[in-house]
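Peer 1: Protein sequence lines, in the order shown, are assigned to chains A and E. One point on numbering: in this note's numbering, the residue at position 66 of the first sequence is 72, and numbering is uninterrupted. One point on numbering: in this note's numbering, the residue at position 70 of the second sequence is 76, and numbering is uninterrupted. Sharing a structure with you now.
2 protein chains.
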Amino acid sequence: MSVHTRTSPNSLTPVAQKFILHWGEMGTRWGINRTVAQVHALLFLSPQPLPADEIAETLAVARSNVSTSLRELQGWRIVRVVHVLGDRRDHFESIKDVWEIFRIVSEERKRREIDPTLRVLDECVQEIKANPQGDSYTRERLTDMLEFLTAMTGLFEEVIRMPAAALKGVLKLRGKVVTMLGKKAG
Amino acid sequence: MSVHTRTSPNSLTPVAQKFILHWGEMGTRWGINRTVAQVHALLFLSPQPLPADEIAETLAVARSNVSTSLRELQGWRIVRVVHVLGDRRDHFESIKDVWEIFRIVSEERKRREIDPTLRVLDECVQEIKANPQGDSYTRERLTDMLEFLTAMTGLFEEVIRMPAAALKGVLKLRGKVVTMLGKKAG
DNA sequence: CTCTCTATTCAGAAATTACCAAAACTACCG
DNA sequence: CGGTAGTTTTGGTAATTTCTGAATAGAGAG
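Have a look at this one:
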């Protein structure tokens, strides 16, 4: 390391800053750690993969914090590590296709949040069937809920598996989707 | 108040208990206060509207906490106050239709979480257009994101406005929806 | 093998959030 | 007025989450 001070912090354009800060806030509302969301936003906007220390510098958070955040983002598979010739450091890049990001995050959230609920609901319904001690109202409510969630997630699974190209087509149908579905279903 | 101890806590069946506890846990993952979610679960399972003090007793939480939770649930419009003849206390009941609950909560979350993001994204794109200082990559990324979110919420709005009956039909189409949409969109 | 650069892990500090009890206040009613 | 309901606010504690700095581990160059 030279006697010079470190390279000045990677400055962000005002717009990039605004987006990253907002993304961080939205992250917290979505149960996602603010820093994790900010790191993702930064990588999403970056034309090149970035090394961890540069991310830490740019966002002004601890290096270790970045390490943890990157690990989590990799766990979600929306960020991956790449290598740059002549640089020993890991570099990270985000998926850029927004539909792909949405798909991956949705599936993961479903797996973590909906599936356990489906299991519990199913257990509840089983238990109440095996031992119906006058709580027929509870049974009715839980059965309703279970059926609804099962159907809803089934539909979700279908849509989420659509390739990006097909989705673009569907999105162009705006204003007609409900009519179409309504007719076929009616 | 008599010298007798208060009426014994409203006991819950094991199944009701299990569901309420789980719903509370899921609530926290969804950014919803645990108590709020538990109160909702209790009301959802209750055949009759319940007064606040009974809820507090059954869930073993502070009366003031129940008051706050009920207020929040009413804010979401999935719980409403009703009155029982001969009882001056407010009683509270939950909407029982699961599709209705889902619809209302989704719309509210969209309003609180997606709409602000759309605004910020739009502002960002405007600013970058007005002052394009070499960050064409940022512009591209943000435009992508904005278009995707706009299209997605448009579709969402359509689906969410479907009456419960129409939905049931669509849900029966499982396995065919994507095919249908694919054909029309292709 | 040692030195340097890099990445990860971990204990504790700091911040945030959840919850409660009590008090103050409104409102209604007999 | 006095009694019952209900809400809001406050002050405080407990629990959880987030973040950091220091320690640790690994990998490659010399």
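We put the beta carbon where it would ideally sit given N, CA and C, even for glycine. Note that the coordinates shown come from a computational prediction; the quantities given were computed from them, not determined experimentally.
DSSP puts D121/E in a beta bridge; with which residues?
Peer 2: Per DSSP, none; premise fails for D121/E.
Peer 1: Determine, using beta carbons only, whether K24/A comes closer than 8 Å to chain E.
Peer 2: yes
Peer 1: Counting contacts by CB-CB distance shorter than 8 Å, is Q139/E in contact with chain A?
Peer 2: yes
Peer 1: With 8 Å set as the bound, which would you pick, yes or no: does the beta-carbon of E78/E sit closer than that to a beta-carbon of chain A?
Peer 2: no
Peer 1: State the Cα-Cα distance for the pair E78/A and A136/A, rounded to the nearest angstrom.
Peer 2: 41 Å
Peer 1: Provide the residue span of the alpha helix (DSSP H) that contains D17/E, from first to last.
Peer 2: The residue you asked about is not Asp; residue 17/E is Ser in the sequence shown. Premise fails: S17/E is in no alpha helix (DSSP H) and is neither H nor E.
Peer 1: Return the CA-CA distance between L27/E and V45/E, expressed in angstroms with no decimal places.
Peer 2: About 10 Å.
Peer 1: Looking only at its chain, what residues have a beta carbon closer than 7 Å to the beta carbon of L49/E, apart from the 5 residues adjacent to it on each side?
Peer 2: Closer than 7 Å at Cβ, skipping near neighbours: L56, V85, F98, E99 and S100.
Peer 1: Count the other CB atoms, across all protein chains shown, that sit within 10 Å of the CB of V176/E; report buried if there are 16 or more and exposed otherwise.
Peer 2: buried
Peer 1: Are V131/A and L161/A touching if we call contact CB-CB under 8 Å?
Peer 2: no
Peer 1: Could you check which residue in A157/A, K178/A and K182/A has the C-alpha nearest to that of K6/E?
Peer 2: Outside the displayed span of chain E (7 to 192) sits residue 6/E, for which this structure offers no information.
Peer 1: Are the C-beta of E119/A and some C-beta of chain E separated by less than 8 Å?
Peer 2: yes
Peer 1: Going by DSSP in three states, L179/A sits in which element: helix, strand or coil?
Peer 2: coil
Peer 1: DSSP on L91/E, reduced to helix/strand/coil?
Peer 2: coil
Peer 1: Rank T159/A, A171/A, E129/A and I166/A by C-alpha distance to the C-alpha of N178/E and give the top, closest one.
Peer 2: Looking at the sequence itself, residue 178/E is Lys, so the reference to Asn does not match. Cα-wise, what sits closest to K178/E is T159/A.
Peer 1: Can you tell me the Cα-Cα spacing of W82/A and E113/E, whole angstroms?
Peer 2: Their Cα atoms are separated by approximately 26 Å.
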